[in-house]
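Some notes on the structure that comes next.
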Amino acid sequence: MAKKENALGKGLSAIFGDRIDDVLEDIQQGANNEYDVQKFEVSIHDIKPNPYQPRKVFDDDKIQELADSIALHGVFTPILIKKSVQGYELITGERRLRASKLAGKQTIPAILMDFDDRQMMEIALLENIQREDLNAIEEALGYEKLIKKIGYTQEELANRIGKSREHVANLLRLLKLPESVQNYVVTKQLSMGHVRALLALKEEKLMEEVAQKAIQLHLSVRAVETMVKNINDPKEKPVSKQRDVNLDPIQKRLQSKFQTKVKVDDKAITIRYVDTQDLNRILELLDCLEEEL
C-alpha cells in the first residue's frame, strides 16, 4: 500500500482532528485522498481478531441478519487489517468478519494499513466510542487498557479521546464493582447510573444484593440512590421502654398530696410548679423551706 508522507506515518495526530470513525469509513470507501489504498481479497482464516477490541458483546441476531445479507450480496465495505507475524490482524470490521464466517465465506475484501499496536489500541476504542457501540463497562475497560499499556494519565486520556477527565474517572470507578454487578451493565439489566450509586456501599455483598433487588423490582436510579443512602445512614428508631404500671398509684397519690402534676418514671420523680409562690408551697409540704432567722 502506497501512503503519502503526511499520513499515518506521523501517528494519529494527523487524523484526530476529525471523528475517527468517519475517517476510517472514508478510507474504506476510497473517499479519503490522504491514502492510496488497495482493496484485495484476504482469506478469512488468515485474519486474527483485534487484540485491543474493547467491545465484548455482539448482538447475535444482528450478526445473523448481516450474514444473510452477505450470503446474498457479499461484503460491500472492506475491513481494515495490518500485517502480523503470521497473516494479518484485524483493525476494524469485526462484525463483517464474524458475519462472513457465519455466511460460509472463505475470503473477505480488505485494505492493508500500516498501524502500530498503540494506534490500533486507540483506534479500536475511539471508533467504538464515537459509534456509541460500547456499554459503560466495555468503555471503562478500554480506558484502563490505554492507561496501563500506553501510560496515559486520566487527564491525557481525556484529552486524547475528547472526553472530560471527570467522565473518564467516573467510568474507571465502575471497575471497582464486583464482576457480577459489572455484568448487569454489560447485559443491559442496569444502567451506569444504577451501578454508580452502588459504589457508595462498603461491602461487595451489599452491592450485589441491592443490584439484584433493583433488577427484580425495576427500580429507578433515584430509588437505588435512596436505598443506598438508607443502608449507609439508617434512621435509628428510639426504643420505647415498657413503663412499670406499679408506679401509677404512687404517681396519683403524689399528685393528690401536692395538688399539681407529678410524673413518676423509672428512677425519677418530676413535680411541676407554676410560679415561685407555688414552688414555696410545694417546698413547705416537703418540709424543705429554709427557716427565717
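Quick note on numbering: the sequence shown equals residues 23 to 315 in my numbering. Yeah, the Cβ is synthetic: ideal placement off N, Cα and C, and Gly gets one too.
- Look at Thr114 here: in three-state DSSP terms it is strand.
- Look at the beta carbons and you see the region 124-136 touching the region 59-74: at least three pairs across the two are nearer than 8 Å.
- If you look at Leu102, you'll find it in the beta strand (DSSP E) that goes 101-105.
- Here Leu307 is exposed, its C-beta having fewer than 16 other C-beta atoms within 10 Å.
- Taking C-beta atoms as the reference points, Pro271 and Glu230 fail to come closer than 7 Å.
- In the assembly as shown, Gly115 is a buried residue. Its beta-carbon has 16 or more other beta-carbons within 10 Å.
- Leaving aside the five residues that flank Pro76 on each side, the residues in its chain whose CB is nearer than 8 Å to its CB run, in chain order, Ala146, Leu147, Asn150, Leu156, Glu160, Glu161, Leu163, Gly164, Lys167.
- With 16 or more other CB atoms across the displayed protein chains lying within 10 angstroms of its CB, His216 is buried.
- As the crow flies, the alpha-carbon of Leu196 is around 34 Å from that of Ser122.
- Ile237 places its beta carbon less than 7 Å from that of Gln211.
- Residue nearest to Phe280 within the set Arg303, Asp81, Ile183 is Arg303 (criterion: CA-CA distance).
- With contacts defined as CB atoms closer than 7 Å, Leu112 and Ile69 qualify as a contacting pair.
- Per DSSP, Val286 is one residue of the beta strand (DSSP E) stretching across 284-287.
- Counting only residues of its own chain and dropping the five nearest sequence neighbours on each side, Arg120 has a CB closer than 6 Å to the CB of Ile85.
- For Ser202, the enclosing alpha helix (DSSP H) covers residues 201-208.
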